[in-house]
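Structure record follows, encoded as structure tokens.
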Amino acid sequence: MIQYNLKCECGKIFDSWFSSSSEFDLLSKKNLLKCIYCNSSAISKSVMAPNLTNKSNNNKSNKVSKKTKLEKDITTQLMHIRKYIEKNCENVGKNFSREARNIHYDKKSSKGIYGKATPEETSELIEEGIDVATIPWVDKLEN
Ligand SMILES: [Zn+2]
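Below, the structure is given as structure tokens:
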């Protein structure tokens, strides 16, 4: 299961679960994704950016320590996705949207990349027909 933040043209952002990124693409193509606020089908994936900023924070007490089994299972699945991406794709960091365009318009290159993009950048890429997937980027498991 993959959780996406979905962004509607009305500006609202909401969560939805999909069995895979291709399921999202399919539902999106068939206009079966509807905004829960205004029922528009102009829905795009929003970005859950990799959390790279809080390395040195000491707010651990704020974190919920009791996780349900489902949450743990999901986190484990997301860890597998993250590991797969880190192993198979190149981290381009904040250059993500530029690199994604380079790959899209230079058909010779087919390398996988990952990095950070704002929701605006992501929706621009999608509008240009560039295949972009947004996944929750989980921290490495500590327990
Ligand atoms: Zn809406």
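Everything in the sequence shown is counted per the working numbering, starting at 17 for the first residue and increasing by one. Every residue gets a Cβ at the ideal spot worked out from N, C-alpha and C, and that includes glycine. Quick caveat: nothing in here was measured; it's all calculated off a predicted structure.
Spatially closest choice to residue i from the options, by CA coordinates
i	options	result
Ser60	Tyr100, Lys83, Asp31 and Thr84	Asp31
Ile164	Ile52, Leu48, Ser62 and Trp153	The structure shown does not extend to residue 164, since the chain is modelled only from 17 to 159, so the question has no answer here.
Tyr130	Ser35, Gly145, Arg98 and Asp122	Arg98
Cys26	Asn47, Cys51, Trp33 and Phe34	Cys51
Phe112	Thr150, Lys103, Cys54 and Thr84	Thr150
Tyr20	Asp122, Ile146 and Leu94	Leu94
Helix, strand or coil at residue i [DSSP, three-state]
i	result
Lys88	helix
Lys103	helix
Lys45	helix
Asn21	strand
8 Å contact criterion, which residue i and residue j should meet: CB distance rounded
i	j	result
Ser57	Leu49	6 Å
Ser62	Ile29	5 Å
Lys127	Glu106	6 Å
Local Cβ density within 10 Å of residue i, reported as buried at 16 or more and exposed below that
i	result
Ser6	In this structure the chain extends from 17 to 159, so residue 6 is not present and cannot be described.
Glu23	Strictly speaking, residue 23 in this sequence is Lys, with Glu absent from that position. When all chains shown are included, Lys23 counts as buried.
Leu42	exposed
Tyr53	exposed
Contact with chain C by residue i, beta-carbon distance below 8 Å
i	result
Gln93	Absent from the structure: chain C. Only one protein chain is present.
Problem set entry | the segment 84-94 touching the segment 132-150, judged by at least three CB pairs closer than 8 Å | no
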